[in-house]
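What follows is a short report on a single structure.
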Amino acid sequence: MRTELVSESGDPARPNEDFASVGLPASGQGGALVVLDGVTPPRGETGCLHSVPWFTARLGGALTELTLSLPDVPLADVLARAIARTAEAHAQTCDLSHPRTPQATVVVARWSAGTVEYLILSDSALLLESPDGRITPHLDDRLARLPRASLATDAMIDAHIRNQEGGFFTAAADPSVAQRAVTGVLPRGEVRALAALTDGASRWVEKFREGDWPDCFAFVRKEGARALVERVRALETADAQERTYLGRSKTHDDATVVYTEL
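Taking numbering that gives the first Met the number 0, I'd label the letters of the sequence shown as residues 0 to 261.
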């Protein structure tokens with residue numbers, strides 16, 4: 000099995016808020032990948048004493064362990080347990096009801112001898128390659144489908160959009176949000192390789208239009224995960240002044256790519 004994992008902060012002066020792991024159970028059968036993209040809060044109160052990296056490390060660690068140790072538990076239920084465990088770790092010190100309590104997007108994939116399961120919550124991406132070379136993107140596109148006017152201010156997002164019906168969902172402190180994730184199960188024979196990307200890496204497709212999802216997968220397979228991140232960084236730098244592609248988005252975002260051949 001070939002696996003590549005690259006995760007790079009968008010700013011060397013601050014911690015990377017992404018989390019990534021690849022795990023192989025002791026049985027030698029199957030494996031799993033977990034990718035989280037911590038949500039950077041705007042300046043101001045979050046109700047929490049802890050940083051986003053603290054949260055993603057806790058949630059990512061719990062999710063990795065439970066995904067591998069509970070192979071018969073559906074991924075949505077695994078995510079719910081991981082969220083609950085993480086919430087318990089700071090419920091006594093922090094206001095977990097605050098809309099900006101630390102949170103993250105989630106991608107999980109788990110494979111066994113017979114199946115490949117997946118879960119996506121919010122705007123990270125999972126790409127699956129079939130034995131005939133066809134690439135299928137699995138996305139939670141609720142955020143992308145929202146009218147831009149509904150995202151005009153942080154206050155509007157917090158009050159009406161974030162973790163709200165008709166808006167979009169992230170993993171924060173409420174375990175029930177796991178049931179909102181995009182999930183599926185495929186026969187193992189229908190998947191040859193997987194790639195998971197946070198939106199800092201998927202800018203190659205979604206912001207800079209360097210190609211479509213199959214093109215992106217082919218780039219990672221041929222050039223490597225590191226090369227994709229480096230190409231995104233070059234595109235970001237070139238657009239830093241004109242803001243033709245990035246608009247109001249920050250110039251450099253944390254970028255994570257996990258590529259696995261089964």
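Here a beta-carbon is modelled for each residue, glycine too, at the ideal position from N, C-alpha and C.
### Task
Out of 22, 18, 66, 84, state which residue places its alpha-carbon closest to the alpha-carbon of residue 52.
18
### Message
Can you check which of these residues, 181, 80, 207, is closest to residue 171 by C-alpha distance?
### Response
80
### Query
How big is the Cα-Cα spacing for residue 276 and residue 38?
Any question about residue 276 goes unanswered here, given that the chain covers just 0 to 261.
### Message
Between residue 196 and residue 256, how many whole angstroms is the CB-CB distance? I'm expecting something under 8 Å.
### Response
5 Å
### Query
Are the region 28-43 and the region 1-17 touching by the rule of at least three beta carbon pairs closer than 8 Å?
yes
### Message
Contact between the region 127-134 and the region 66-86 is defined here as three or more beta-carbon pairs at a separation below 8 Å; is this criterion met?
### Response
no
### Query
Can you tell me whether residue 102 is buried or exposed, with buried defined as 16 or more other CB within 10 angstroms of its CB?
buried
### Query
For the region 65-141, which segments carrying the beta strand (DSSP E) assignment without a break, of at least 3 residues, lie completely within its bounds, in sequence order?
103-110, 114-120, 124-128, 134-138
### Query
Is the distance from the Cβ of residue 240 to the Cβ of residue 111 below 8 Å?
no
### Query
Looking at C-alpha atoms only, which residue of 189, 235, 185 is the closest neighbour of residue 208?
235
### Query
Where are the beta strand (DSSP E) runs, 3 residues long or more, that stay fully inside the region 17-47, in chain order?
17-22, 30-37
### Query
Per DSSP, what kind of secondary structure is residue 199 in: helix, strand or coil?
coil
### Query
Does DSSP put residue 236 in a helix, a strand or coil?
helix
### Close beta carbons around residue 214, own chain, < 6 Å, minus the five adjacent residues each side
none
### Query
For residue 244, which beta-bridge partners are listed by DSSP?
Note: residue 244 sits in no beta bridge, so no partner.
### Query
DSSP beta-bridge partners for residue 182?
118
### Query
Going by C-alpha distance, which of 198, 26, 142 is nearest residue 7?
198
### Message
Can you check which of these residues, 258, 259, 260, 253, is closest to residue 9 by C-alpha distance?
### Response
253
#### Entry: Per-residue DSSP class, three states only, for residue 255
strand
#### Entry: Beta carbon of residue 226 nearer than 8 Å to that of residue 4
no
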